[in-house]
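Enquirer: Have a look at this one before I ask anything.
Structure, rendered in structure tokens:
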């Protein structure tokens with residue numbers, strides 16, 4: 002016999018875990034605000050030399066200056082814009098492709114299912130970051146190619162997450178009745194099936210944004226990502242670490258920004274899971 | 168066990184086959200064909216010479232034929248020659264692969280050895296300060312990029328201990344002590360995030376397992392707490408732990424690409440980045456193939472562990 006946890010304990014746990022979710026969403030909202038108002042928030046032009054190279058933090062330049070005399074805080078603020086732009090656009094694309102493919106695979110089944118899922122399986126034979134490095138490296142480093150690479154490597158996960166519940170939904174009465182009422186395949190998939198399976202997709206998309214931020218940072222760290230004059234946290238860390246004896250902030254602040262952003266989206270995903278999927282509560 | 172082995176082996180071979188197709192397609196993403204890449208500039212040869220060369224290299228064949236040719240070569244261990252060093256790619260891979268394998272294996276072992284006991288401790292002392300600290304660290308570890316950890320470790324070590332690992336790689340068999348010293352920081356930076364994930368998983372499955380009837384029975388018949396934990400509970404909690412290690416393997420290898428680079432370890436990751444920068448496509452192809460085979464190979468080992476630990480999977 003398994004002792005059932007009391008209702009109060011269950012609720013307490015939910016609140017505790019949602020505290021994590023609330024923190025995550027707060028970080029995400031803050032990041033979006035910073036990215037949108039980057040121009041107004043940043044004290045200096047992120048690409049202008051505004052003082053002596055590698056100056057330590059002082060009252061005017063709170064986080065110091067980098068190897069080219071640029072204000073680190075301003076660069077971090079503009080870096081938020083790139084991190085969010087790249088991750089959100091690429092996950093947006095991978096949602097379009099992944100949800101579409103997952104719906105089609107699960108709904109039509111048979112040959113279509115097999116074909117789509119085997120192609121997705123191809124991409125699971127390589128670690129996703131290695132695949133992203135290969136794609137970005139072969140296509141050549143640019144903002145667009147980074148977005149393409151991340152969208153491609155995150156699509157299979159979204160497709161898998163979408164497909165499984167579609168398989169189950171296909172057999173339900175509401176799909177049968179919609180079909181009896183004369184709805185077409187597209188209408189059934191988008192109007193009837195999709196709203197019923199949207200919760201796990203939203204959770205996965207949130208967590209995937211965190212992955213996308215990590216991949217972008219990693220690619221830019223290696224010089225395969227976003228190129229100057231755009232500012233990327235990964236790039237700042239990758240070049241700043243060469244000056245660590247002279248200005249250790251250049252090795253600390255960009256990494257902290259990456260971690261905070263990833264943490265925010267992971268926590269938000271965790272919190273959303275609790276809210277959107279009551280079955281997982283108290284697990 | 169034999170039937171189980173055969174089944175896993177077949178699906179592993181299927182994955183390796185899929186990997187080879189993916190890599191073949193990837194390389195064809197590059198603008199220009201092998202002849203142009205090999206000779207260099209497009210304008211340096213006449214169209215006739217180009218066409219002859221293309222025919223010679225089999226580039227005028229349809230793609231599936233080209234693929235089968237290439238696959239045949241790969242199976243014989245012929246990965247072509249590096250554009251840059253003109254050495255066989257397989258030879259260069261043979262030098263780089265052991266380093267990455269050592270890095271990945273040490274990181275996996277270290278994280279499991281540290282994280283599993285911590286997870287058990289956290290589960291047993293549920294809601295005590297130990298537990299809270301362990302859980303907060305677990306959440307942090309989920310989000311910290313291993314390359315930042317690597318940079319921080321260098322920073323701390325250089326400024327507080329005045330010690331940095333040598334940038335010249337020393338082989339494990341040449342000088343084990345020096346080699347392990349050199350591996351310390353790269354392994355730790357890859358192991359820490361993995362540790363966090365493994366610890367979280369150990370904690371939650373142990374909490375579940377400790378509520379099971381057989382644990383109560385074991386306690387009732389007077390089994391000591393320690394034996395109960397390690398023998399009865401842990402053995403049943405191992406499956407989800409191994410699963411999570413398997414899932415995190417991709418992240419570990421991805422992280423290794425950057426971490427190798429940071430510490431100057433001439434493994435597969437460093438080779439991959441260098442060959443991309445030098446547009447050395449046979450090397451790019453070889454390194455990605457090695458990464459993929461390593462990934463698939465370790466997943467196969469993880470599957471074997473399942474079968475070894477849990478007879479239900481073996482006969483399922």
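Residue numbers (our numbering), protein chains in the order written: chain P, 2 to 284; chain E, 168 to 483. All C-beta atoms, glycine included, are put in the ideal place defined by N, C-alpha and C. The structure displayed is predicted, hence computed values, not measured ones.
(1) Which word fits residue 57 (chain P), buried or exposed, when buried means at least 16 other C-beta atoms lie within 10 angstroms of its C-beta?
(2) In the DSSP assignment, what are the bridge partners of residue 275 (chain P)?
(3) From residue 117 (chain P) to residue 264 (chain E), what distance separates their C-alpha atoms?
(4) Where does the unbroken alpha helix (DSSP H) through residue 315 (chain E) begin, and where does it stop?
(5) Check the Cβ-Cβ distances between residue 185 (chain E) and every residue of chain P, and say whether any is below 8 Å.
(6) For a contact defined as C-beta to C-beta under 8 Å, what are the partners of residue 312 (chain E) on chain P?
(7) Confirm, please, whether the CB-CB distance from residue 87 (chain P) to residue 172 (chain P) is below 8 Å.
(8) Quick check on DSSP: helix, strand or coil for residue 251 (chain P)?
(9) Would residue 397 (chain E) be called buried (16 or more neighbouring beta carbons within 10 Å of its own) or exposed?
(10) Can you tell me whether residue 115 (chain P) is buried or exposed? The criterion is at least 16 other CB atoms within 10 Å of its CB, across all chains shown.
(11) Can you list, in chain order, the residues of the stretch 274-297 of chain E whose Cβ is nearer than 7 Å to any Cβ on chain P?
(12) So, at 8 Å on beta carbons, what are the nonlocal neighbours of residue 402 (chain E) in its own chain, with the 5 sequence-adjacent residues on each side left out?
(13) Is it true that the stretch 336-353 of chain E meets the stretch 425-445 of chain E, where meeting means three or more beta-carbon pairs spaced less than 8 Å apart?
(14) Can you tell me whether residue 246 (chain P) is buried or exposed? The criterion is at least 16 other CB atoms within 10 Å of its CB, across all chains shown.
(15) Sort P:215, P:244, P:248 by Cα distance to residue 234 (chain P) and report the nearest one.
(16) Check whether the stretch 22-30 of chain P touches the stretch 260-277 of chain P, taking contact to mean three or more Cβ pairs, one atom from each stretch, closer than 8 Å.
(17) Distance cutoff 8 Å, beta carbons only. Does residue 283 (chain P) sit that close to anything in chain E?
(18) Kindly indicate if chain E contains any beta-carbon less than 8 Å away from that of residue 126 (chain P).
(19) Can you tell me whether residue 66 (chain P) is helix, strand or coil according to DSSP?
(20) Does the beta carbon of residue 27 (chain P) sit closer than 8 Å to a beta carbon anywhere in chain E?
(21) Below 8 Å on C-beta distance, what does residue 249 (chain P) contact in chain E?
(22) Comparing C-alpha positions only, which one of E:441, E:329, E:421, E:218 sits nearest to residue 252 (chain E)?
(23) With DSSP as the reference, label residue 336 (chain E) as helix, strand or coil.
(24) Nearest to residue 148 (chain P) by alpha carbon, out of P:157, P:160, P:133?
(25) On the CB-based measure, 16 or more other CB atoms within 10 Å of its CB, does residue 39 (chain P) come out buried or exposed?
(26) The alpha helix (DSSP H) with residue 353 (chain E) in it runs from where to where?
(27) Strictly under 8 Å for the Cβ-Cβ distance: is residue 196 (chain E) near chain P by that measure?
(28) What do you reckon, are the CB atoms on residue 157 (chain P) and residue 458 (chain E) nearer than 8 Å?
(29) Taking only beta carbons into account, state which residues of the stretch 331-344 of chain E come closer than 8 Å to chain P, listed in chain order.
(30) So residue 122 (chain P) is in the alpha helix (DSSP H); what residue range does that whole segment cover?
(31) Roughly how many angstroms separate the alpha carbons of residue 181 (chain E) and residue 99 (chain P), rounded to a whole number?
(32) Taking the straight line between their C-alpha atoms, what separation do you get for residue 179 (chain P) and residue 89 (chain P)?
(33) With distance defined between alpha-carbon atoms, name the residue in E:293, E:346, E:395 nearest to residue 374 (chain E).
(34) Quick one: what does DSSP say residue 266 (chain P) is sitting in, helix, strand or coil?
(35) Between the C-alpha atoms of residue 244 (chain E) and residue 257 (chain E), what's the straight-line distance to the nearest angstrom?
(36) Could you please give me the residues that DSSP links to residue 248 (chain E) through a beta bridge?
Expert: Reading from the atomic positions:
(1) exposed
(2) DSSP output for residue 275 (chain P) lists no bridge partner at all.
(3) 33 Å
(4) 313-323
(5) yes
(6) 215, 218, 219, 256, 259, 260, 263
(7) no
(8) helix
(9) exposed
(10) exposed
(11) none
(12) 476
(13) yes
(14) exposed
(15) P:215
(16) yes
(17) With a pLDDT of only 44 at residue 283 (chain P), under the threshold of 50, the placement of this residue in the model should not be trusted; the figure read from the coordinates follows. Residue 283 (chain P) does not count as touching chain E.
(18) yes
(19) strand
(20) no
(21) 322, 326
(22) E:441
(23) coil
(24) P:133
(25) buried
(26) 343-376
(27) yes
(28) no
(29) none
(30) 111-124
(31) 23 Å
(32) 34 Å
(33) E:293
(34) helix
(35) 7 Å
(36) E:255
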